[in-house]
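Right, one structure below, let's go through it.
Protein chains: 2
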Amino acid sequence: MLGDVTSTRWLDAEEQRTWRAFLDANKLLFDRLDHELSRDSAMPHGYYEILVRLSEQPGRALRMSQLAQTSQSTRSRLSHAVARLEERGWVRRESHPEDRRGAVAVLTGEGFAALAAAAPGHVEAVRRHLFDRLTPAQVEQLRAISEAIRDPLLEVAPSSGSP
Amino acid sequence: MLGDVTSTRWLDAEEQRTWRAFLDANKLLFDRLDHELSRDSAMPHGYYEILVRLSEQPGRALRMSQLAQTSQSTRSRLSHAVARLEERGWVRRESHPEDRRGAVAVLTGEGFAALAAAAPGHVEAVRRHLFDRLTPAQVEQLRAISEAIRDPLLEVAPSSGSP
DNA sequence: TCAATGTCACTGAACGCTCAACTACATCAC
DNA sequence: GTGATGTAGTTGAGCGTTCAGTGACATTGA
Chain A
1 MLGDVTSTRW LDAEEQRTWR AFLDANKLLF DRLDHELSRD SAMPHGYYEI
51 LVRLSEQPGR ALRMSQLAQT SQSTRSRLSH AVARLEERGW VRRESHPEDR
101 RGAVAVLTGE GFAALAAAAP GHVEAVRRHL FDRLTPAQVE QLRAISEAIR
151 DPLLEVAPSS GSP
Chain B
164 MLGDVTSTRW LDAEEQRTWR AFLDANKLLF DRLDHELSRD SAMPHGYYEI
214 LVRLSEQPGR ALRMSQLAQT SQSTRSRLSH AVARLEERGW VRRESHPEDR
264 RGAVAVLTGE GFAALAAAAP GHVEAVRRHL FDRLTPAQVE QLRAISEAIR
314 DPLLEVAPSS GSP
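Chains as they are written, first to last, in the working numbering: chain A, 1 to 163; chain B, 164 to 326.
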């Protein structure tokens, strides 16, 4: 198929099947999780991620560029996202005390409350659609596989936002 | 964390680690693949998927709603996407011969050529970033895991577009 | 035959993301 | 110091997706 004059290492039938299953599983899973989160808590998954990362920091605050890194995001996307989170009163910006270029995103009380309200439902959804479907051995396999995929990609573009 | 008065089945440390690795691996992998495809072939992954599905059909044609289903897409998204593919001359629309509500998307010669030009690079990228990172046993595991995640999600919303 | 209901596909507005500037500040070399 | 380069963060335009709504046609049942 698709006239092959080059030395392309095409996928064989088994690999095709794996790739399709992987593609479809991901699409379905993340669409579902994002949809349920938006429906129940009026926040897209990207916002949820940002709130989670902030909530894990001491002082519930983090510099914008570091927040972008831990969220696998870009500075641009984060800047837009934090602007919208600020409109909702869930995050506020402060200027960095030492580096005058810097901005620090701080999770507000309302933001933490919104996260606390959203988390149980979301975690349940992750369980229902992911962990409950897998055996303990498969969960362990999934972790190893994910790390094997992730780590090389982290090394190629470690700074200044992933994509 | 996050004051727990309900009976939420929170993720333990090991599950957290798995979930984070899975999230990050997916984000990095699909961002990378989409980025390389856009850069090398000027088409987002969603378009590529549509062209692939069409190319696999007899006559390289498929009804819109069926194309939406096999692409894990919605009719709305597909309608917009095909409109843009039509502007590029890669797909054309015909009216369904029997059901006068229906529209049929047909892959043009140019569309097939664009796909043939894009495929080798994309397949290589999938190999580099996915299959080359995994052992044969892990590939087999990934297939089983993906199917275990996918199949229940397919049953819940089988018709009228996934999300 | 005819109304009610369902299905197919399209459309426009709103939203989030990407990309390419751009400003402001920091750092480095000389 | 001064100029060059690097880094932090923001902004606006363009693109793709989602959502709600719409019109056209098909199907069903009385």
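Backbone N, C-alpha and C define an ideal beta-carbon position, used for all residues, glycine too.
Where residue i falls, given that 16 or more other Cβ within 10 Å makes a residue buried
i	result
B/G222	exposed
A/Q16	exposed
A/D24	buried
A/E56	exposed
A/R84	exposed
A/S73	buried
B/R313	buried
A/E147	buried
A/E14	exposed
A/S71	buried
A/A137	exposed
B/S325	Legend: pLDDT at B/S325 = 38, less than 50; position of this residue unreliable, no value from coordinates given.
A/D12	exposed
B/L241	buried
Inter-residue CB distance, residue i and residue j (contact presumed, cutoff 8 Å)
i	j	result
A/T18	B/V286	About 13 Å; that fails the 8 Å criterion.
A/H96	A/R63	7 Å
A/R75	A/V82	The Cβ separation is near 10 Å, so there is no contact.
Nearest residue (CA-CA) to residue i, options the options
i	options	result
A/G109	A/Q66, A/L142, A/S146 and A/E86	A/E86
B/P207	B/T237, B/S309 and B/L278	B/L278
B/D308	A/Q141, A/A148 and A/A68	The sequence as given places Ile at residue 308 of chain B; Asp does not occur at that position. Checking every option, the nearest Cα to that of B/I308 belongs to A/Q141.
A/S41	A/I149, A/S71 and A/F112	A/F112
A/R143	B/N189, B/T171, B/W173 and B/S170	B/N189
A/E155	B/R195, B/R240 and B/F185	B/R195
A/A105	A/R77, A/S65 and A/A137	A/S65
A/R128	A/L29, A/E94, A/L107 and A/R88	A/L29
B/P315	A/A21, A/S79 and A/L11	A/A21
B/G252	B/L270, B/A224 and B/L230	B/L270
B/S254	B/Q232, B/A224 and B/H198	In the sequence on display, residue 254 of chain B carries Val and not Ser. The shortest Cα separation from B/V254 among B/Q232, B/A224 and B/H198 belongs to B/A224.
B/A328	B/S242, B/H243, B/L241 and B/E199	Because chain B spans 164 through 326 in this model, residue 328 of chain B falls outside it and cannot be assessed.
Listed by chain order, chain B residues near residue i by CB distance under 8 Å
i	result
A/P152	H292 and R296
A/E124	T171 and R172
A/L28	Q235, I312, R313, L316, L317 and S325
Cross-chain neighbours of residue i in chain A, by beta carbon under 8 Å
i	result
B/L217	Going along chain A, no residue has its Cβ under 8 Å from B/L217, so there is no contact; the nearest lies around 13 Å.
B/E178	F131 and V139
B/L225	The premise fails here: B/L225 is roughly 16 Å from chain A at the closest Cβ pair, so nothing lies under 8 Å.
B/I213	Those do not exist, as B/I213 stays about 13 Å from chain A at its closest Cβ, beyond 8 Å.
Interface partners of residue i on chain B, CB under 7 Å
i	result
A/W19	V289
Partner residues on chain A for residue i, Cβ-Cβ distance less than 7 Å
i	result
B/R306	R17, T18 and A21
B/R195	L153
Neighbour list for residue i in chain B, Cβ cutoff strictly below 9 Å
i	result
A/A148	A188, R296, L297, T298 and Q301
- Message: Tell me whether the region 130–148 of chain A and the region 92–104 of chain A touch, counting them as touching only if at least three CB pairs, one residue from each stretch, are closer than 8 Å.
- Response: Segments in contact, no.
- Query: How about the region 211–218 of chain B and the region 276–291 of chain B: do they share at least three Cβ pairs that are nearer than 8 Å?
  - Reply: Here the region 211–218 of chain B lies against the region 276–291 of chain B, with 3 or more beta-carbon pairs under 8 Å apart.
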